[in-house]
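*Asks:* The sequence shown begins at 1 in the UniProt record's numbering and counts up one residue at a time. Built from N, CA and C at the ideal position, the CB exists for glycine as well. After the structure tokens below, expect a handful of questions from me.
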Amino acid sequence: MADTRDHVLTGTRGTLAVREWPHPRPRYIALVVHGYGEHSGRYQEPAGVLTAHGAVVYGPDHMGHGRSAGERVVVEDFEDVVTDVHAVAGLARAAHPGLPLVLIGHSMGGLISARYAQRYGDELTALVLSGPVIGAWELPGRLLALDEIPDTPVNPAALSRDPAVGAAYAADPLVWHGPMKRPTVEAFARALDTVDRGGGLGALPVLWLHGDDDRLVPLDGSRVGVERLGGTLTERIYPGARHEVFHETNRAEVFADLTDFLDGVLAR
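As structure tokens, then:
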């Protein structure tokens, strides 16, 4: 696989670091939208699958995440993050005019991507949601009811049954290992409500991927949001899988489901 290229954009709240996984003759653009506390560099393996499938892949580090500007993990308004992701799509489209655009969002990135599809759905060929934070996600309400948000970082073991995934996450200096911050939790609550009220996606092809042992973003809560979004839905629920299905022990199956879905969409 080709080496990554780095781009820097001016985002809504400062500089935005963007990774590109190039392809010499791409047939579509894949825009990967990472989750809370992490960064686009953790998507090297799925990006490799996508480039082998014919995509040029782009992935921003969101404000306050990875190599982008901002106080760590502070997002005051997810509408700004959606605007930033749209700027990355503009960068990709300028470099590769006329290609189909597929948006792939994981966890918090699923929330951002769902909102992106509500705002800019006519620019998308397909939407992929992995363990998306949409629907009935109870964590923000529980945290906001407390006087002080506890210093309880993400448990690396909740990410995957593959212990190497948790070990790499725990050792990654670009991953946030501290507590959630109140402005971000408040923004999560508002964004969940915004997506809930934001309308359906018409006939947009949507692939929903989720582990049935996801304890960070439980399956049943996400189902509420996915079904409300609508679109032409394909779902794949993986028995025993935890939160990060792209890093799970059955990821070869997940990647096959992803590329099969994209083959069907791109053939239309």
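Does any heavy atom of the ligand NAD sit closer than 7 Å to the C-beta of residue 236?
*Replies:* The ligand NAD is not part of the structure shown, which contains no ligands of any sort.
*Asks:* With H, G and I counted as helix, E and B as strand and the rest as coil, what does DSSP make of residue 19?
*Replies:* strand
*Asks:* If you draw a straight line from the C-alpha of residue 1 to the C-alpha of residue 48, how long is it?
*Replies:* At residue 1, the pLDDT of 42 sits below 50, so the modelled position is not reliable; the number obtained from the coordinates is stated separately. Cα-Cα distance, rounded: 6 Å.
*Asks:* Output the distance between the C-alpha atoms of residue 167 and residue 156, rounded to the nearest integer angstrom.
*Replies:* 7 Å
*Asks:* How close, in whole Å, do the beta carbons of residue 35 and residue 106 come, if the pair is a contact with beta carbons under 8 Å?
*Replies:* 5 Å
*Asks:* What separation, rounded to the nearest whole angstrom, lies between the Cα atoms of residue 30 and residue 68?
*Replies:* 20 Å
*Asks:* Specify whether the stretch 146-154 and the stretch 218-237 touch according to this definition: at least 3 beta carbon pairs, one from each stretch, less than 8 Å apart.
*Replies:* Contact between the stretch 146-154 and the stretch 218-237 is not established, with fewer than three Cβ pairs separated by less than 8 Å.
*Asks:* Mark residue 262 as exposed unless 16 or more other C-beta atoms lie within 10 angstroms of its C-beta, in which case mark it buried.
*Replies:* By the neighbour-count definition (other C-beta atoms within 10 Å, threshold 16), residue 262 is a buried residue.
*Asks:* Could you spell out the range, first to last residue, of the beta strand (DSSP E) harbouring residue 57?
*Replies:* Run containing residue 57: 55-60, per the beta strand (DSSP E) assignment.
*Asks:* Taking only runs that begin and end inside the stretch 56-125, name each unbroken beta strand (DSSP E) of 3 or more residues, in chain order.
*Replies:* 101-106
*Asks:* Helix, strand or coil for residue 5? Go by DSSP, reduced to three states.
*Replies:* Residue 5 falls in the strand class under three-state DSSP.
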